[in-house]
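Input: a single structure, listed below in structure tokens.
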Amino acid sequence: MAAAAGVIAIAPWCDVSAGHLAHPPRPVPSAAQLVWQRDELALFLHFGVNTFSDREWGDGKEDPASFAPSALDAGQWARAARQAGARAMILTAKHHDGFCLWPSRTTGHSVAHSPWRGGAGDVVREFVDACRANGLRAGLYCSPWDRNAAVYGDSPRYNDFYCEQLTELLTRYGPIHEVWFDGATPAERGDVFRCRARCPLDRQ
């Protein structure tokens with residue numbers, strides 16, 4: 051609405067005859083969105099192979115053997131989150147370096163090739179179990195950019211690769227409350243993602 055030189059411009063949804071200004075209908079959240087909004091506070095865990103290289107972004111050339119936490123306790127993460135008032139936690143299951151915190155069939159760049167838990171560890175499993183034991187909703191972040199995958203940049207092949215990773219994350223661990231992606235990607239070697247039709251994102 052604007053006013054100038056004694057002229058009032060009235061927006062088309064104004065109901066002047068009724069003696070009040072009507073408002074356009076407001077969007078209403080879905081049931082799932084309402085649950086998410088009511089969580090209010092969530093804890094995001096950015097933990098991975100670069101925790102041990104002191105780098106924020108890895109380049110995909112990390113030695114999986116460098117992933118060697120000596121006292122990983124996902125239960126402690128969950129208890130701390132709960133005590134802080136969080137209702138959900140999100141784990142970075144894979145960042146841009148491509149290192150998977152679960153034993154993925156798609157790559158050797160994962161915990162399965164690390165000395166942690168004798169190569170039989172699964173951070174995602176321990177995280178999800180800790181969330182449920184402490185009444186928290188579990189969420190996962192899986193980077194679309196993968197600096198380790200040789201097929202990254204070949205969109206059809208990488209789509210299959212990435213969809214397989216998402217399928218593993220969304221079918222092995224029971225219900226996942228939310229999934230996070232971001233748009234970080236190199237301009238010279240990007241991928242066009244066509245995952246929706248083939249991945250179980252809407253089936254959980």
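Numbering-wise (the numbering used here), the sequence shown opens with residue 51 and increments by one. All C-beta atoms, glycine included, are put in the ideal place defined by N, C-alpha and C.
Environment of residue i [buried if 16+ CB atoms lie within 10 Å]
i, result
"ALA138", "buried"
"ALA55", "Confidence in ALA55 is poor, its pLDDT being 45 and thus under 50, which makes the residue's placement too unreliable to answer from."
"THR101", "exposed"
"LYS160", "Looking at the sequence shown, residue 160 is not Lys but Ser. When all chains shown are included, SER160 counts as buried."
"LEU84", "exposed"
"ASP196", "buried"
"ARG253", "Since pLDDT at ARG253 reaches only 47, below the 50 mark, its modelled position is unreliable, and the value read off the structure follows with that caveat. Under this definition ARG253 is an exposed residue."
"GLN215", "buried"
"GLY261", "Since the first and last residues shown for the chain are 51 and 254, residue 261 lies out of range."
"GLU255", "Since the displayed the chain opens at 51 and closes at 254, residue 255 lies outside it and no answer follows."
"PRO74", "exposed"
"ALA136", "buried"
"HIS227", "buried"
"ALA183", "exposed"
"GLY224", "exposed"
"ALA53", "Residue confidence is low: ALA53 scores 41 on pLDDT, short of 50, so the model does not pin down where it sits. No coordinate-derived value is stated."
"ALA162", "buried"
"PRO260", "The question about residue 260 has no answer here: the residues shown for the chain are numbered 51 through 254."
Helix, strand or coil at residue i [DSSP, three-state]
i, result
"TRP166", "helix"
"VAL229", "strand"
"GLY135", "coil"
"ALA61", "Confidence in ALA61 is poor, its pLDDT being 46 and thus under 50, which makes the residue's placement unreliable; the coordinate value appears in the next sentence. In this structure, ALA61 counts as coil in the three-state DSSP scheme."
"ASP142", "According to the sequence shown, residue 142 is Thr rather than Asp. Looking at THR142 - three-state DSSP - the assignment turns out to be strand."
"SER160", "strand"
"ALA52", "For ALA52, the predicted structure reports a pLDDT of 43, less than 50, and the residue's modelled location is therefore unreliable. A value from the coordinates is still provided. Here ALA52 sits in strand by DSSP."
"ALA200", "coil"
"GLN254", "Note that GLN254 has pLDDT 44, beneath the 50 cutoff, so the model's placement of it is unreliable and the number below is only indicative. Correct three-state label for GLN254: coil."
N- and C-terminal bounds of the beta strand (DSSP E) containing residue i
i, result
"CYS192", "187 to 192"
"ALA92", "92 to 95"
Contact belief for residue i with residue j at Cβ below 8 Å, rounded distance in angstroms
i, j, result
"ASP147", "ASN198", "6 Å"
"LEU151", "VAL173", "4 Å"
"HIS103", "HIS145", "The sequence given here has Ser at residue 103, not His. Contact doesn't hold; Cβ gap of about 12 Å is too wide."
"ALA143", "LEU91", "Contact flag wrong, Cβ pair sits at about 21 Å."
"ALA308", "LEU186", "An answer regarding residue 308 cannot be provided, because it is not within the stretch 51 to 254 covered by the chain."
"TRP166", "PHE117", "6 Å"
"ARG180", "GLY125", "Sequence check: residue 180 is Ala here, not Arg. With 8 Å as the limit, ALA180 and GLY125 qualify as a contact, their Cβ atoms being about 5 Å apart."
Endpoints, alpha helix (DSSP H) assigned at residue i
i, result
"ALA82", "81 to 89"
"CYS213", "205 to 221"
"PHE117", "Taken as a continuous stretch (DSSP letters only), PHE117 belongs to no alpha helix (DSSP H), as it is neither H nor E."
"ALA180", "173 to 183"
Closer than 8 Å: residue i CB and nearest the ligand MN heavy atom
i, result
"HIS73", "What this structure holds is no ligand at all, so the ligand MN is not there to describe."
Across the region 76 to 86 and the region 149 to 156, are there enough close Cβ pairs to call them in contact, namely three or more that are closer than 8 Å? no
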